[in-house]
Structure formats: C-alpha cells, structure tokens
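S.K.: Just dropping this structure here.
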Amino acid sequence: MGRQLGIAARAVTSTHRNLTSSWTADVETMETAIGRFTAHGPLKNDCQVVFFEIAGDRQLHVNVTHQHQTVAVRGWSGPGKLSDGFVHNRRFGDTPPSQMIRHIRDMVFAART
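Each residue of the sequence shown is one higher than the one before, starting from 280 at the first, in this note's numbering.
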C-alpha cells in the first residue's frame with residue numbers, strides 16, 4: 280500500500296509491508312500523522328517512509344529515504360546509499376506511536392548536508 284502525502288513541491292510518500300496485523304493500527308496512525316507533517320513547514324528534501332516487519336522479529340522497522348543526503352539523527356542508523364537516495368533505518372518495539380511519530384518527523388525533516 281502506498282500514499283502520496285503532502286501537496287508541496289517536495290513530498291513525503293509512505294508505504295508499508297506488514298507480515299502480521301500486530302502493527303497495523305500503529306502504522307495507520309503514523310501514516311495519518313506523516314500526512315500532516317508538511318502543515319508544520321515545507322520539506323527541503325523529497326523522502327519516502329517505509330514501515331515493514333521481518334519474519335521472526337517482533338519489532339517494527341522504519342526506513343526513511345531522502346533524495347539528498349541528510350545530517351545524522353540520533354537513534355537512526357545510516358545513511359545507506361541507494362539508487363534513489365540515502366536511507367536511514369530505525370527499529371521500534373514497545374515505543375508508543377506518539378514517540379515513534381516524533382522520531383520519524385525528526386528524520387523526515389533532517390537537514391541536508
């Protein structure tokens with residue numbers, strides 16, 4: 280599933296690849312919140328947020344890929360270089376959705392290097 284989030288020249292897209300239903304409600308909440316990110320200020324860098332699970336791992340994995348390289352954000356690993364940009368990853372376990380949203384927002388709005 281994918282969503283185009285934001286209406287400005289720079290956009291945030293979101294997709295998810297859940298293996299189970301355990302994260303479904305949280306991911307839907309976070310995708311809704313991500314859709315509101317651009318109301319707080321314009322993006323400086325197109326980015327894609329991907330939520331996914333890995334078999335045998337109960338954590339929610341989140342990749343944030345920016346078109347251009349960004350500064351490091353505490354708690355996120357990366358960047359990894361991809362053909363379509365630079366990816367950072369973070370895993371969440373028992374973190375409340377409101378905190379996950381804050382961490383994702385910090386990465387989405389990370390300054391370009």
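We put the beta carbon where it would ideally sit given N, CA and C, even for glycine.
(1) Starting from histidine 347, follow its DSSP beta bridges and name the residues at the other end.
(2) Could you work out which residue in Arg391, Val328, Asp363, Thr392 is closest to arginine 370 when comparing CA atoms only?
(3) Between glutamine 283 and the rest of its own chain, which residues show a CB-CB distance below 7 Å, the 5 nearest in sequence each way excluded?
(4) Between the Cα of phenylalanine 336 and the Cα atoms of Ser301, Gln378, Asp385, Phe388, which residue gives the shortest distance?
(5) Are at least three pairs of beta-carbons, each pair with one atom in the segment 343-358 and one in the segment 307-316, less than 8 Å apart?
M.R.: Short version:
(1) Within the DSSP bridge table, the entry for histidine 347 names no partner.
(2) From the listed residues Arg391, Val328, Asp363, Thr392, the smallest Cα separation to arginine 370 is found for Val328.
(3) Since pLDDT at glutamine 283 reaches only 46, below the 50 mark, its modelled position is unreliable, and the value read off the structure follows with that caveat. Only Ala290, Thr292 meet the Cβ criterion.
(4) Per the sequence shown, residue 336 should be read as aspartate rather than phenylalanine. The residue from Ser301, Gln378, Asp385, Phe388 with its alpha-carbon nearest to that of aspartate 336 is Ser301.
(5) Taking 8 Å as the limit for Cβ pairs, the verdict is that the segment 307-316 does not touch the segment 343-358.
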